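In what follows, a single structure is set out as structure tokens and then discussed.
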Amino acid sequence: MSNKLISSLCRQLDASPTSRHVVEYLSKQLLTNGFTDCTNQKTIQSKNISGFITRAGSLVAWRTGSQDIQDGFRIIGAHTDSPCLKLKPQPDESRFGWQTLQVEIYGSPLLNSWLDRDLGIAGHAVLRNGSVRLFCAATPLARISQLAIHLDREVNERGLILNKQLHLSPAWATDQYAESFHAWLAKQIKTK
Numbered sequence: 004m005s006n007k008l009i010s011s012l013c014r015q016l017d018a019s020p021t022s023r024h025v026v027e028y029l030s031k032q033l034l035t036n037g038f039t040d041c042t043n044q045k046t047i048q049s050k051n052i053s054g055f056i057t058r059a060g061s062l063v064a065w066r067t068g069s070q071d072i073q074d075g076f077r078i079i080g081a082h083t084d085s086p087c088l089k090l091k092p093q094p095d096e097s098r099f100g101w102q103t104l105q106v107e108i109y110g111s112p113l114l115n116s117w118l119d120r121d122l123g124i125a126g127h128a129v130l131r132n133g134s135v136r137l138f139c140a141a142t143p144l145a146r147i148s149q150l151a152i153h154l155d156r157e158v159n160e161r162g163l164i165l166n167k168q169l170h171l172s173p174a175w176a177t178d179q180y181a182e183s184f185h186a187w188l189a190k191q192i193k194t195k
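Every position in the sequence shown, counted from 1, becomes a number in this note's numbering once 3 is added.
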């Protein structure tokens with residue numbers, strides 16, 4: 004694989020923390036390469052067109068040729084989602100002096116891989132007027148810590164056992180300095 008291709012892939016991955024970000028990035032790439040955004044069109048009449056439509060975290064792109072459909076066509080597919088921890092609609096929770104975020108598991112992640120690492124937050128927010136805004140925190144701001152060995156003495160004998168509801172809530176502030184997640188998010192997307 005060429006360095007140019009690898010660099011392009013890395014730029015796409017860096018710009019795409021969620022499936023909606025992938026769709027936004029690829030839409031711009033398609034427009035730059037002569038494709039037409041047909042998302043708001045009811046029907047597509049033109050034969051020789053390269054176009055695409057988007058719906059939330061999905062994108063369908065095509066290029067029609069000059070030959071009849073009876074000569075065949077090709078469909079290529081890929082998915083843009085990946086296992087993650089999704090914030091619940093009301094994520095704020097306080098535990099033992101920490102402000103934590105309630106999450107639900109999406110997909111089949113390797114749960115222990117989320118422990119003891121800096122976690123960022125990215126996604127989409129639906130505003131009161133119905134519009135959708137993408138956001139991505141500039142820096143990591145949450146962490147799920149694994150218990151120290153003196154608090155879980157048997158972990159080496161029985162292995163790490165994680166309860167999805169109890170052990171995977173990321174801490175993101177102390178109660179003393181906490182603001183609500185929605186207040187933080189409003190600042191990120193610059194709206195109230």
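Heads up, the beta-carbon is just placed ideally off N, CA and C, and yes, glycines get one too.
Being a predicted model, the structure only gives us computed values, none of them experimental.
Inset, instruction - Assess, as a yes-or-no matter, whether the stretch 93-105 is touched by the stretch 66-74 under the definition of 3 or more beta carbon pairs within less than 8 Å. - result: no
Inset, instruction - Work out the CA separation of cysteine 41 and glutamine 48 for me, nearest whole Å. - result: 11 Å
Inset, instruction - Answer with buried or exposed for valine 26, where buried requires no fewer than 16 other C-beta atoms within 10 angstroms of its C-beta. - result: buried
Inset, instruction - Find out if the Cβ-Cβ distance for the pair tyrosine 109, proline 86 is shorter than 8 Å. - result: yes
Inset, instruction - Leaving aside the five residues before and after glutamine 15 along the sequence, list all residues of the same chain whose C-beta is less than 7 Å from its C-beta, in chain order. - result: Tyr28
Legend entry - Where aspartate 74 falls: helix, strand or coil (DSSP): helix
Inset, instruction - Please name the residue, chosen from Phe55, Leu150, Asp119, that lies closest to asparagine 159 on a Cα-to-Cα basis. - result: Leu150
Legend entry - Buried versus exposed call for alanine 81 [16 or more other C-beta atoms within 10 Å across all chains shown]: exposed
Inset, instruction - Select from Leu118, Ala141, Gln102 the residue whose C-alpha is nearest the C-alpha of asparagine 166. - result: Leu118
Inset, instruction - Inspect the beta-carbon positions of tryptophan 101 and threonine 46 and report whether they are closer than 8 Å. - result: no
Legend entry - Rounded separation between proline 173 and aspartate 17 - CA only: 22 Å
Legend entry - arginine 120 - DSSP class collapsed to helix/strand/coil: coil
Legend entry - Supposed close pair arginine 146, leucine 122 - CB separation, criterion 8 Å: 6 Å
Inset, instruction - Enumerate in chain order the residues of its own chain whose CB-to-CB distance from lysine 195 is below 6 Å, with the five nearest sequence positions on each side excluded. - result: In this prediction, lysine 195 scores a pLDDT of 46, lower than 50, which makes its location untrustworthy; no coordinate-derived value is stated.
Inset, instruction - Please report the residue range of the beta strand (DSSP E) in which glutamine 93 lies. - result: 87-98
Legend entry - Endpoints, the beta strand (DSSP E) within which alanine 125 is located: 125-129
Inset, instruction - Would you mind reading off the limits of the beta strand (DSSP E) that contains glutamate 107? - result: 101-109
Legend entry - For lysine 195, the three-state DSSP class (helix, strand or coil): The predicted position of lysine 195 is uncertain, since its pLDDT is 46 and thus under 50; a value taken from the coordinates is nonetheless stated next. Three-state result, lysine 195: coil.
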